[in-house]
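Undergrad: Take a look at the following structure, please.
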Amino acid sequence: MDTIILKDLHVQAVIGVNASERNIKQNLLFTIKIFKDLSECGSSDLVHHTINYSTLSKSIIAYIESSQHFTLEALATGVARTCCLGFGVEVVKVQVQKPGAIKLAAWPGVKICRTLDFFKNNPIVENPTIITSSLGNANGTPNTSYIAIGSNLGDKFQNINKALELIQSFSKLVSTSFMYEAPPAYFLDQPSFFNCCCKITTQLNPHDLLSRLKEIEKKMGRAETFRNGPRVIDLDIIYYNDIVLKSDTLEIPHKLMYERDFVLLPLSDIAPDFIHPTLYITTNQMKINLKTDDNGSKIKKVIKVGNGTWELGKRTYIMGILNITPDSFADGGKYNQNEEVAFTQFEKLVKEGAHIVDIGGQSTYPGAEQLTVAVELERVLPVIKRIRKGYPDFPLSIDTYHSQVASQAVKAGCNIINDVTGGLRDPNIIKVARELGVPIILNHDQATPQYLLKQSGASEDTINSNYPDIIDIVQRFFKERVNTAVASGLYRWQIILDPGLGFAKTYDQSIEILKRGKELVRLNFPILIGPSRKGFIGATIAKAESSTEIPDPKSSRRLWGTAACCCIAAGWGCDIIRIHDVSEIKDTIIISDTVYRQ
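Final position of the sequence shown in the UniProt record's numbering is 598; the numbers increase by one with none missing.
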């Protein structure tokens with residue numbers, strides 16, 4: 001066991017029994033010895049396998065300065081609790097002294113030794129707040145609460161969606177986390193859970209909020225079973241403002257949250273910097289400190305696609321392209337004769353290995369004819385209906401920026417909306433995704449300053465100077481679009497982002513996105529890219545050969561350039577690739593995923 005020592009930590013705190021001691025902070029001196037196995041950090045050089053000493057000391061100081069204990073023993077125990085429960089420390093020794101408490105005498109002090117198991121078996125609530133039925137913000141402003149939601153019976157996604165609808169009947173939904181699938185904890189012989197968290201504001205006090213949540217559980221059919229057993233829906237209050245509460249029916253913060261990855265991972269999506277009011281540590285730090293087995297946490301981020309779910313981060317999903325258009329740049333005029341021709345191509349894409357097929361009736365190629373909603377529907381609806389006759393469950397997406405087309409396509413059988421304008425051309429499309437409960441792909445298609453200069457014939461030096469970096473441009477666009485979507489009621493697990501390779505960007509900007517895609521992955525949303533046979537691939541090949549002849553979109557050189565782009569994207573963590581040539585690209589993705597993700 002390795003040892004970390006915080007020596008001679010000088011802090012001031014209220015301590016003592018006498019009335020005079022309760023009105024003034026006293027000087028205290030701490031020495032803390034932490035025992036933790038750091039061998040994995042030493043062998044791997046990965047910092048997340050150790051403890052952030054700065055965060056540890058700041059959390060301890062914050063706890064001490066806010067405490068008001070009567071005895072040094074209780075204060076030392078509280079410090080030990082912060083170390084064990086907040087940072088996963090197995091054993092800790094705490095020494096605390098009061099310098100100068102008795103003049104010309106040895107400093108009074110105590111030494112204690114505590115273990116993680118001790119605190120798990122002996123729960124302690126620090127300084128519980130006195131609760132009354134009228135508890136809430138004194139000025140009448142809404143109270144903020146974080147709710148953990150779980151389900152492992154029936155249609156788990158639908159159960160959680162229903163619970164969120166009912167929660168909004170008495171509160172305002174501010175945001176949701178992503179969705180996660182987790183193996184059962186405590187009692188293992190039961191189905192896996194879907195888990196998420198939500199942030200709400202409410203005028204209800206904590207006990208009334210708990211009562212309303214219990215009413216939802218009962219209304220949705222949750223039966224009384226043994227503790228930690230299977231359930232249709234489970235609703236737990238994690239935080240309520242920053243209060244600390246312990247009563248016969250309710251404990252806030254939730255007493256076991258610090259050890260539950262299925263709570264901390266979703267909670268860190270929406271409250272990463274929220275400070276636990278007794279451990280004085282952020283949600284994100286608690287997540288980092290989770291103890292996991294040698295294979296790491298088994299919890300998986302998922303999205304719902306049709307009747308199934310896709311696990312994110314473990315593989316690259318292939319979206320095959322089916323254009324029902326006469327003028328698309330790579331395959332225009334091939335599959336728009338009738339629905340049977342389109343259906344034959346759909347079956348080919350499926351057999352070659354596509355996980356989803358994207359159906360489009362409006363070409364987005366520059367200069368393409370802009371269709372009315374009626375004409376676009378005439379192109380895509382017969383194809384969707386024909387596919388659904390033979391393949392009732394295979395995932396489909398609709399490539400459109402019209403909300404009316406998206407709505408009718410989803411009702412006819414599509415499972416995802418793919419909007420190349422990111423919801424800007426027709427903002428109602430986000431409302432459609434929310435009301436119909438399907439994911440939406442938000443694509444960046446905003447002309448950059450560099451692209452506009454390129455179109456005007458400016459020199460390369462002018463184009464590449466004094467303008468924002470393309471990754472910065474795309475990230476800011478995504479953040480604005482996500483905030484707008486969430487404010488419109490869309491859940492986080494419904495959002496997929498596409499940086500828009502080739503859309504109103506210079507060729508060099510598309511290449512830069514491919515180089516630095518990992519910076520977009522850090523936004524934590526699923527990422528889709530669509531490099532298939534695009535102009536920047538041909539231009540890059542021509543530039544490398546000092547040629548003015550750019551390979552045609554139908555050229556095999558653009559195919560293998562596409563394959564290279566897909567391999568690169570799989571390497572930095574792209575979740576979905578949108579392509580024409582499924583058979584060839586599937587093989588490259590198998591190798592890429594084997595190297596980078598398995």
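Here a beta-carbon is modelled for each residue, glycine too, at the ideal position from N, C-alpha and C.
Based on the DSSP output, what are the partners of Gln97 in its beta bridges?
TA: For Gln97, which the question treats as bridged, DSSP gives the partners Leu29, Gly109.
Undergrad: Could you give the first and the last residue of the continuous alpha helix (DSSP H) run that contains Asp155?
TA: Element bounds for Asp155: n/a, residue is neither H nor E.
Undergrad: Taking 6 angstroms as the limit between beta carbons, can you name the residues of its chain near Arg379, skipping five residues before and five after?
TA: Excluding sequence neighbours, Arg379 sits near Ile324, Gly361.
Undergrad: To the nearest angstrom, how far is the alpha carbon of Leu153 from that of Ile216?
TA: Looking at the two C-alpha atoms, the distance is approximately 16 angstroms.
Undergrad: Count the other CB atoms within 10 Å of the CB of Ala223; is the residue buried (16 or more) or exposed (fewer)?
TA: So Ala223 ends up on the exposed side.
Undergrad: Which residues bound the alpha helix (DSSP H) around Lys479?
TA: Lys479 -> alpha helix (DSSP H) spans 470 to 487.
Undergrad: Using 8 angstroms as the Cβ pair cut-off and three pairs as the minimum, do the stretch 62 to 70 and the stretch 32 to 43 touch?
TA: Too few Cβ pairs lie closer than 8 angstroms, so no.
Undergrad: Around the Cβ of Asn336, are there at least 16 other Cβ atoms within 10 angstroms (buried) or fewer (exposed)?
TA: When all chains shown are included, Asn336 counts as buried.
Undergrad: When DSSP labels each residue in this structure, what does Met179 get in the three-state scheme?
TA: Three-state result, Met179: strand.
Undergrad: Since Met286 is in the alpha helix (DSSP H), which residue starts that stretch and which ends it?
TA: From DSSP, the alpha helix (DSSP H) with Met286 extends over 283 to 288.
Undergrad: Do the CB positions of Met319 and Ile356 come within less than 8 angstroms of each other?
TA: Cβ atoms of Met319 and Ile356: closer than 8 angstroms.
Undergrad: Figure out for me which residue from Phe262, Thr249, Pro191 has the closest Cα to the Cα of Pro230.
TA: Of the listed residues, the one whose Cα sits closest to Pro230 is Pro191.
Undergrad: Between the beta-carbon of Ile513 and the beta-carbon of Pro499, is there less than 8 angstroms?
TA: Going by C-beta atoms, Ile513 is nearer than 8 angstroms to Pro499.
Undergrad: Using the C-alpha atoms, what's the distance from Val14 back to Asn23?
TA: C-alpha separation (whole angstroms): 7 angstroms.
Undergrad: Let me make sure I understand the geometry here. Which of Arg492, Gln158, Ser397, Ile585 has the alpha-carbon closest to that of Lys199?
TA: Of the listed residues, the one whose Cα sits closest to Lys199 is Arg492.
Undergrad: How would you call Ile550, buried or exposed, if buried means at least 16 neighbouring beta carbons within 10 angstroms?
TA: Result: buried.
Undergrad: What did DSSP end up calling Ala406 once you bin it into helix, strand or coil?
TA: Here Ala406 sits in helix by DSSP.
Undergrad: Once the 5 residues before and after Arg386 are set aside, which same chain residues still bring their CB inside 8 angstroms of it?
TA: For Arg386, where only same-chain residues beyond five positions count, the Cβ hits under 8 angstroms are Glu339, Glu340, Ala342, Phe343.
Undergrad: Which residue from Leu116, Asn241, Lys162 puts its Cα closest to that of Gly437?
TA: Of the listed residues, the one whose Cα sits closest to Gly437 is Lys162.
Undergrad: Could you tell me whether the Cβ atoms of Tyr507 and Ala539 are closer together than 8 angstroms?
TA: Contact flag set, yes.
Undergrad: Exposed or buried, which one is Asp399 when buried takes at least 16 other CB atoms within 10 Å?
TA: Buried: at least 16 other Cβ atoms inside 10 Å.
Undergrad: Looking at the secondary structure, which residues open and close the beta strand (DSSP E) in which Val305 lies?
TA: Looking at the DSSP string, the run of the beta strand (DSSP E) that includes Val305 is 300 to 305.
Undergrad: For Asn122, name the three-state secondary structure that DSSP assigns.
TA: Of the three classes helix, strand and coil, the one that applies to Asn122 here is coil, per DSSP.
Undergrad: Give the DSSP-derived three-state secondary structure of Gln345 in the structure shown.
TA: In the structure shown, Gln345 sits in a helix (DSSP, three-state: H, G or I).
Undergrad: Where Gly571 and Asp242 are concerned, what is the direct C-alpha to C-alpha distance, given to the nearest angstrom?
TA: Each residue's alpha carbon lies about 41 angstroms from the other.
Undergrad: Helix, strand or coil for Lys534? Go by DSSP, reduced to three states.
TA: Coil at Lys534, not helix or strand.
Undergrad: Given a threshold of 16 other Cβ atoms within 10 Å of its Cβ, counted over all protein chains shown, does Pro266 qualify as buried or as exposed?
TA: By the 10 Å Cβ count, Pro266 comes out buried.
Undergrad: If you reduce the DSSP assignment to three classes, tell me which class Asn127 lands in.
TA: Caution applies to Asn127, whose pLDDT of 46 falls short of 50 and renders its modelled position unreliable; the model cannot decide the point.
Undergrad: In terms of alpha-carbon separation, which member of Glu435, Lys534, Ala182, Pro553 lies closest to Ile299?
TA: Nearest option by C-alpha distance: Ala182.
Undergrad: Opposite Met319 in the DSSP bridges: which residues?
TA: Paired residues: Ile356, Arg578.
Undergrad: According to the Cβ coordinates, are Val305 and Ile416 closer than 8 angstroms?
TA: In contact: Val305 and Ile416 (Cβ atoms closer than 8 angstroms).
Undergrad: Between Glu90, Cys197, Ile527, Met179, which has its C-alpha nearest Leu173's C-alpha?
TA: The residue with the shortest Cα to Cα distance from Leu173 is Cys197.
Undergrad: Taking only beta-carbon atoms, is Gly500 less than 8 angstroms away from chain D?
TA: No chain D appears in the structure shown, which is made up of a single protein chain.
Undergrad: On the CB-based measure, 16 or more other CB atoms within 10 Å of its CB, does Cys113 come out buried or exposed?
TA: Flag for Cys113 reads exposed.
Undergrad: What's the gap between the Cα of Asp294 and the Cα of Arg434?
TA: Caution applies to Asp294, whose pLDDT of 44 falls short of 50 and renders its modelled position unreliable; the value that the coordinates give is listed next. Taking the straight line joining both Cα atoms gives about 39 angstroms.
Undergrad: Beta strand (DSSP E) containing Glu311: first to last residue?
TA: From DSSP, the beta strand (DSSP E) with Glu311 extends over 308 to 311.
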